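Heads up: the structure comes next, in structure tokens.
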Amino acid sequence: MVLQAILVALIATISTWWFSHTITRTWLYPIWSGFLVALVMGQPLKGMMIAAAINLPYIGFITAGGSMPGNAMFAGPVGTALGLAAGLDYTQASVVGVILGSVAVFAWNAYMTINANWVHLADKYLEQGNLKMVRLCNYVPSFFVSLLLNGLPAFLIVMNGETFGNWLQTFPQWIMDGFAIAGGILPALGVGMLLNFLGKKKLIPFFFLGFALAKFVGLTTMMVTVVGALIAVLIYYFQNEKVGE
Amino acid sequence: MPKLEKKDLVKNWLLGYSSETCYNYERLQGLGNTNAFMPIIRALYPEEKQAEELKKYLIFFNTEPSWMGTVVHGITAAMEEQRANGENVSADDIISVRSALMGPLAGIGDVVSQSICYPILAGVCISLALSGNFAGPILFEVVYKVLMLTLGYNMYMLGYNKGKEAILDMLSTGLLNKILDAVSIVGLMVIGAIACGNVNIDLSFLEWEFPNALGSVVFNVQHDVLDTLLPGILELAAVLGVWGLLRKKAKPTTIILIIFVVAFALVGLKALTGAY
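Residue numbers (this note's numbering), protein chains in the order written: chain V, 7 to 251; chain U, 462 to 737.
Below you can see the structure in the form of structure tokens.
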């Protein structure tokens, strides 16, 4: 159990400490980081399904300029580990993941704030011409910041997972119902953030078009994408033609 | 004549993926870019000038670093090469080209990666995983990385080979904005479809039975009112409500709290039907 908790703590640490996006870019998403946790916990199948359920509310997850709606990098590994240790079902795990992710936003903000110190340190080394230390500043200190902010809480949460599970079982049905309903609404946050990010007013009707095609016509997301690409290409060409004339 | 070899370019491209290792609010990817440009600076400048030349990277910089923004690094590498060969390129020129490009490319890169590729891929892979298929996470990892690295590499090389003129031309003729509009259209339609499949609000538990002269009438809020009005009306309302709050600068955490309040208000309604 201790070894598993340490490994989960490491995964949670690296999910925020992006040493190279060639590897870590997908660790932002619970479906992958949670699956890694499922592997080290020795329950790949159940863990994978919990991880996927945790990822669901984060399907509109977007980080732009270092701000984010919820800390999916924490919710993914820690939520999956907790779900396995406490024996939660998918809906419960999904809601617990959202709560973990919302609370852990503060860990992300602290990470982004504390890391500025290493940049100041790098300023000094660059002034002295010590390039090796500049590179070190980029890679090393932020690992320990993430270990403290993400790894340590992850470790403690996993170690106490069973207690948490027992405590959750004592909740009355209406509380669990409330969580389940909230879990269904929460993906709207991600979608709303994407809208806010993309939302040039004249383009907003395309959001409704996508929704209508999926809801009323029953097209899959992939089909909607293809229709969208066709529309985009047509509009792009007609715009250019006007400029050409 | 110092020249950049292929291996310097590849190193620079790959190290660019460590742009966010020491991610911070003050200069975002500044330190990461300083790290990424070491191979370029080492190949082009004598040792005593290297630290000075690197200073132009240890400043505020933020773009989308993995999918499309690599083009900025490619352009920069080409400019550094010209500068080292005595062409008229000042450090300020490099800084201003980089800051002019980082915004538009963050826009295009974030739309392509975070609002088109990720939601589509995650949507497919999550449903695979939920049905117990290991292809879910594995497909996610492999497809995501193949797309990211292929696009990232080609954008980098495009930037290096075409240089700043090509890209700045696109910026000044408004072509870059048109491309952004085009990918945004696809992105918006995708998230419309995502909203349909993933936001779930079902009030069918709000059901009352009224005895009357005919026997009894069952009145179901979801089936008898909302679905006949417009399927998905609650889901749309939730998304538009969140969007409205975001436009009023509400914080995501506040919105999460509001969602929980709404959820428990609905539980209260459910209690009125005598469910508990």
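In this text, a Cβ means the ideal position worked out from N, Cα and C, and glycines have one as well. On a predicted model such as this, the values are computed, not experimentally measured, just so you know.
Looking only at its chain, what residues have a beta carbon closer than 8 Å to the beta carbon of residue i, apart from the 5 residues adjacent to it on each side?
{"i": "residue 14(V)", "result": "43, 46, 47, 83, 84, 87, 160, 161, 164"}
{"i": "residue 258(V)", "result": "Missing from the structure shown is residue 258(V); chain V here goes from 7 to 251 and no further."}
{"i": "residue 253(V)", "result": "Here chain V has residues from 7 to 251 only, and residue 253(V) is not among them."}
{"i": "residue 490(U)", "result": "480, 481, 484, 522, 523, 524, 526"}
{"i": "residue 660(U)", "result": "696, 699, 700"}
{"i": "residue 583(U)", "result": "601"}
{"i": "residue 261(V)", "result": "Here chain V covers residues 7 to 251 and nothing more, so residue 261(V) does not appear."}
Taking DSSP as the reference, what is the three-state secondary structure of residue i?
{"i": "residue 151(V)", "result": "helix"}
{"i": "residue 178(V)", "result": "coil"}
{"i": "residue 622(U)", "result": "helix"}
{"i": "residue 251(V)", "result": "Residue placement at residue 251(V) is poorly supported in this model, since its pLDDT is 47, which falls under 50; the coordinates still yield a value, given next. In this structure, residue 251(V) counts as coil in the three-state DSSP scheme."}
{"i": "residue 668(U)", "result": "strand"}
{"i": "residue 681(U)", "result": "strand"}
{"i": "residue 521(U)", "result": "coil"}
{"i": "residue 489(U)", "result": "strand"}
{"i": "residue 70(V)", "result": "strand"}
{"i": "residue 676(U)", "result": "strand"}
{"i": "residue 734(U)", "result": "coil"}
{"i": "residue 110(V)", "result": "coil"}
{"i": "residue 693(U)", "result": "coil"}
{"i": "residue 117(V)", "result": "helix"}
{"i": "residue 166(V)", "result": "coil"}
{"i": "residue 586(U)", "result": "helix"}
{"i": "residue 145(V)", "result": "helix"}
{"i": "residue 91(V)", "result": "helix"}
{"i": "residue 405(U)", "result": "There is no way to answer for residue 405(U), as the model of chain U reaches only from 462 to 737."}
{"i": "residue 657(U)", "result": "helix"}
{"i": "residue 482(U)", "result": "coil"}
{"i": "residue 226(V)", "result": "coil"}
Apart from the five residues on each side of it in sequence, which residues of its chain come closer than 7 Å, Cβ to Cβ, to residue i?
{"i": "residue 648(U)", "result": "572, 576, 577"}
{"i": "residue 38(V)", "result": "32"}
{"i": "residue 251(V)", "result": "Caution is warranted here: a pLDDT of 47 is assigned to residue 251(V), below 50, making its placement in the model unreliable, and no coordinate value can be reported."}
{"i": "residue 477(U)", "result": "497, 526, 531, 534"}
{"i": "residue 152(V)", "result": "19, 22, 23, 117"}
{"i": "residue 693(U)", "result": "657"}
Should residue i and residue j be called a contact, given that it needs their Cβ atoms to be closer than 8 Å?
{"i": "residue 228(V)", "j": "residue 662(U)", "result": "no"}
{"i": "residue 198(V)", "j": "residue 695(U)", "result": "no"}
{"i": "residue 501(U)", "j": "residue 529(U)", "result": "no"}
{"i": "residue 216(V)", "j": "residue 650(U)", "result": "yes"}
{"i": "residue 212(V)", "j": "residue 92(V)", "result": "no"}
{"i": "residue 246(V)", "j": "residue 492(U)", "result": "no"}
{"i": "residue 713(U)", "j": "residue 195(V)", "result": "yes"}
{"i": "residue 720(U)", "j": "residue 58(V)", "result": "no"}
{"i": "residue 70(V)", "j": "residue 107(V)", "result": "no"}
{"i": "residue 453(U)", "j": "residue 613(U)", "result": "There is simply no residue 453(U) to check, as chain U begins at 462 and stops at 737 in what is shown."}
{"i": "residue 463(U)", "j": "residue 515(U)", "result": "no"}
{"i": "residue 728(U)", "j": "residue 716(U)", "result": "no"}
{"i": "residue 99(V)", "j": "residue 80(V)", "result": "no"}
{"i": "residue 242(V)", "j": "residue 643(U)", "result": "yes"}
{"i": "residue 670(U)", "j": "residue 679(U)", "result": "yes"}
{"i": "residue 60(V)", "j": "residue 36(V)", "result": "yes"}
{"i": "residue 620(U)", "j": "residue 536(U)", "result": "yes"}
Take residue i and list the residues in its own chain whose beta-carbon comes closer than 6 Å to its own, dropping the five residues that flank it on each side.
{"i": "residue 192(V)", "result": "63, 104"}
{"i": "residue 54(V)", "result": "41, 44"}
{"i": "residue 174(V)", "result": "none"}
{"i": "residue 137(V)", "result": "none"}
{"i": "residue 609(U)", "result": "527, 528"}
{"i": "residue 616(U)", "result": "529, 531, 532"}
Residue i touches chain C at which residues, Cβ-Cβ below 8 Å?
{"i": "residue 511(U)", "result": "Protein chains V and U are contained in the structure displayed, whereas chain C is not."}
Just to check, is the beta-carbon of residue i closer than 7 Å to a non-hydrogen atom of the ligand NAP?
{"i": "residue 590(U)", "result": "The model on display carries no ligand, and the ligand NAP is accordingly not part of it."}
| field | the segment 586-593 of chain U contacting the segment 541-554 of chain U, beta-carbon criterion three pairs below 8 Å | value | no
| task | Evaluate contact between the segment 169-189 of chain V and the segment 614-633 of chain U, counting only Cβ atoms and requiring at least three cross-stretch pairs below 8 Å. | result | no
| Does the segment 200-214 of chain V come within contact of the segment 727-737 of chain U, defined as at least 3 CB pairs closer than 8 Å? | no
| field | Complete alpha helix (DSSP H) runs within the segment 178-212 of chain V (minimum length 4 residues, chain order) | value | 179-191, 193-204
| request: Please confirm if the segment 215-226 of chain V is in contact with the segment 639-657 of chain U, defined as three or more CB-CB distances below 8 Å between the two stretches. | output: yes
| request: Take every Cβ of the segment 506-522 of chain U, pair it with every Cβ of the segment 122-141 of chain V, and state whether three or more of those distances are shorter than 8 Å. | output: yes
| task | Please list the segments of the alpha helix (DSSP H) lying wholly inside the segment 18-64 of chain V, counting only runs of 4 or more residues, in order along the chain. | result | 27-30, 36-46, 50-61
| said: With three or more C-beta pairs closer than 8 Å as the rule, is the segment 111-123 of chain V touching the segment 482-500 of chain U? | reply: yes
| Using 8 Å as the Cβ pair cut-off and three pairs as the minimum, do the segment 230-246 of chain V and the segment 601-617 of chain U touch? | no
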